[in-house]
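All remarks here apply to the structure that follows.
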């Protein structure tokens, strides 16, 4: 039984006592950091009654600061006061009142996804290492991967900003070309940036860009690094080469876990598809533990897979290619035989066939290497 | 076992294909090693065994840590159309039903087309009146709408329909 679960009965027993006290007079200096909302769930109604009754007394007290108010969930604020707070925020040009969200794994996704940019940095280091050791073709292959990532992201920028002027387009392209895209995307998500002229929202854009980076750079990059290391064992004496492989695999695992975690713990998803979403148990510690396990499993999976393909490529490049074609082909055949080849997006005709084949192939590769570029939760914005 | 767990969704790989893919991903490196003749073969074999062992243990811990009622979703054989039909039939709220029916490829709901029509027939007046946020009538093809609703409320056959038709449209190339 988790700590939070064990605390519940005690809280329930104490609630009767508290309800007697939670009546007329608010404390002069209450705790300036209210407990997380989940802690007061057992006595939620009493707390609501208390705040509703005393809100007008709180206003004006020195401890009742905007910072404190931002930590109080909407449901504990009398509707009239909530309206006033929101109206004041709108008058200041904001969307709604300032709300401090509790820090969770989901709320840190911008940071986590930005962190995965370390992978690109290690890739750049590997290019330098390969060049230094005279492995020019390997260095060029790595450059080609980074370039293809960049090219596809530029196309996405074009699609994303098609309604905007060329100045905006150039600015956005420059952001991508200067490797600033992950940071700008994360900043926009964090700031809840809204732009009616773009096709997809900032979160979908960030996930799409991350998916592209993982599919074109991280996955093949990890395989390439294993391949080059197997062919040139002397590179292993430079710990940077091995660390780079480890970082690539870990960052891939981290992103994969982050995205899967986010989908599963998202309340709208759980409400709409309760038979599929909800495998992660509630409770901060439970969730943290499951997330850690998901990350480690993905990392190991990615390592095994990359190493497997690298070994095949060392034996015979054609053999590796045959394996790849065989795996994807078998999967497509399975989907075809089950009459499940078409992807869910509502497009018709030849385009639907092309898109379905492309999507099924990409998802298969992504799943095999433990990465998710899947942004289905944002599909209304994406498609 | 886990790639990106979300990809076990019927709209993506599906549980069974996901599961097979994950198991194969663990077997494949050992198959590849069979052909390998390098000096470090034993070292590689040891590394792979360690990875595989750790992977197994972590998977055991993972399955022990999740809600047991969802374990089946990791091995399920439901196709995307089957899943969509089930979602439509089992959803209790209209928003979820609408999502299942019209936010996906229409061929997915072929099996329950008549049920979708009936559900719309019974509720369209209410949806038009209440205008809930999820009610996007332009996503509903004409053949699902009662004739009166098309003619009176939505401008007949000329009503705007929301769907992507071409690559040109996706990238905004060419004429509107």
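Residue numbers (my numbering), protein chains in the order written: chain V, 1 to 383; chain A, 1001 to 1176.
Positions of the beta carbon are idealized from the N, C-alpha and C atoms, including for glycine.
- Under the Cβ distance rule, residue 1019 of chain A does not count among the residues neighbouring chain V, no pair being separated by less than 8 Å.
- Residue 291 of chain V has its alpha-carbon roughly 15 Å from the corresponding atom of residue 277 of chain V.
- Contacts with chain V at 8 Å (Cβ-Cβ) do not include residue 1112 of chain A.
- When CB distances to chain V are screened at a threshold of 9 Å, the residues of the region 1114-1147 of chain A falling below it are 1139, in chain order.
- In this structure, residue 252 of chain V sits away from residue 304 of chain V, with a CB-CB distance that is not shorter than 8 Å.
- Annotated as proximal: residue 221 of chain V and residue 145 of chain V, with beta-carbon spacing under 8 Å.
- DSSP places residue 136 of chain V within a helical segment (H, G or I) once states are collapsed to three.
- Against residue 173 of chain V, chain A offers no close residue; the least beta-carbon distance is about 15 Å (beta-carbon pairs closer than 9 Å).
- CA-to-CA, the gap between residue 64 of chain V and residue 120 of chain V works out to about 46 Å.
- C-alpha of residue 214 of chain V to C-alpha of residue 1126 of chain A: approximately 46 Å in a straight line.
- At a cut-off of 8 Å between C-beta atoms, residue 340 of chain V counts as an interface residue with respect to chain A.
- Taking 8 Å as the cut-off, the Cβ atoms of residue 281 of chain V and residue 1066 of chain A count as close.
- Residue-level contact check: residue 285 of chain V does not touch chain A, since none of the beta carbons of chain A fall below 8 Å from its beta carbon.
- Taking a contact as a CB-CB distance under 8 Å, the pair residue 1036 of chain A and residue 315 of chain V counts as one, their CB atoms being some 6 Å apart.
- The straight-line gap separating the alpha-carbon atoms of residue 141 of chain V and residue 1075 of chain A is approximately 37 Å.
- Using beta-carbon distances, residue 1012 of chain A counts as an interface residue toward chain V, with a partner under 8 Å.
- Residue 1132 of chain A sits away from residue 1111 of chain A, with the two beta carbons spaced by 8 Å or more.
- Here residue 1018 of chain A has 1003, 1007, 1008, 1012, 1074 as same chain residues with Cβ atoms under 8 Å from its own Cβ, once five neighbours each way along the sequence are excluded.
- Taking C-beta atoms under 8 Å as the contact rule, residue 202 of chain V and residue 117 of chain V fail to qualify, at a distance of about 17 Å.
- With respect to the 8 Å criterion, residue 1014 of chain A and residue 1084 of chain A are not classified as neighbours on the basis of their beta carbons.
- DSSP places residue 1082 of chain A in the helix class (H, G or I) of the three-state scheme.
- About 10 Å separates the CB atoms of residue 97 of chain V and residue 81 of chain V; that is not less than 8 Å, and the two are not in contact.
- In the three-state DSSP reduction, residue 285 of chain V falls in the helix class (H, G or I).
- If you draw a straight line from the Cα of residue 207 of chain V to the Cα of residue 60 of chain V, it is about 43 Å long.
- In the same chain as residue 205 of chain V, and ignoring 5 residues on each side of it, the C-beta atoms closer than 7 Å to its own belong to 160, 185, in chain order.
- Taking 8 Å as the cut-off between beta carbons, the residues of the region 1051-1068 of chain A near chain V are 1051, 1052, 1054, 1055, 1058, 1059, 1061, 1062, 1065, 1066, 1067, in sequence order.
- Pairwise C-beta distances place the region 232-251 of chain V out of contact with the region 318-333 of chain V, as fewer than three of them are shorter than 8 Å.
- Exposure of residue 166 of chain V is indicated by the presence of fewer than 16 other C-beta atoms within 10 angstroms of its C-beta.
- Closest in alpha carbon position to residue 1121 of chain A, among A:1048, A:1106, A:1144, is A:1144.
- With a cut-off of 8 Å on Cβ pairs, the region 337-353 of chain V is in contact with the region 1095-1106 of chain A, counting three or more such pairs.
- Cβ-Cβ separation between residue 1060 of chain A and residue 230 of chain V: approximately 30 Å, too far for a contact (criterion under 8 Å).
- The criterion of a C-beta distance shorter than 8 Å is satisfied by residue 1032 of chain A and residue 312 of chain V.
- In this structure, residue 255 of chain V and residue 210 of chain V form a Cβ contact; the two beta carbons are roughly 6 Å apart against a cut-off of 8 Å.
- The C-beta distance from residue 1030 of chain A to residue 1048 of chain A rounds to 6 Å, short enough to meet the 8 Å contact threshold.
- Inter-residue distance for residue 47 of chain V and residue 262 of chain V is about 30 Å (C-alpha atoms, whole angstroms).
- Nearest CB-CB separation between residue 1080 of chain A and chain V: below the 8 Å threshold.
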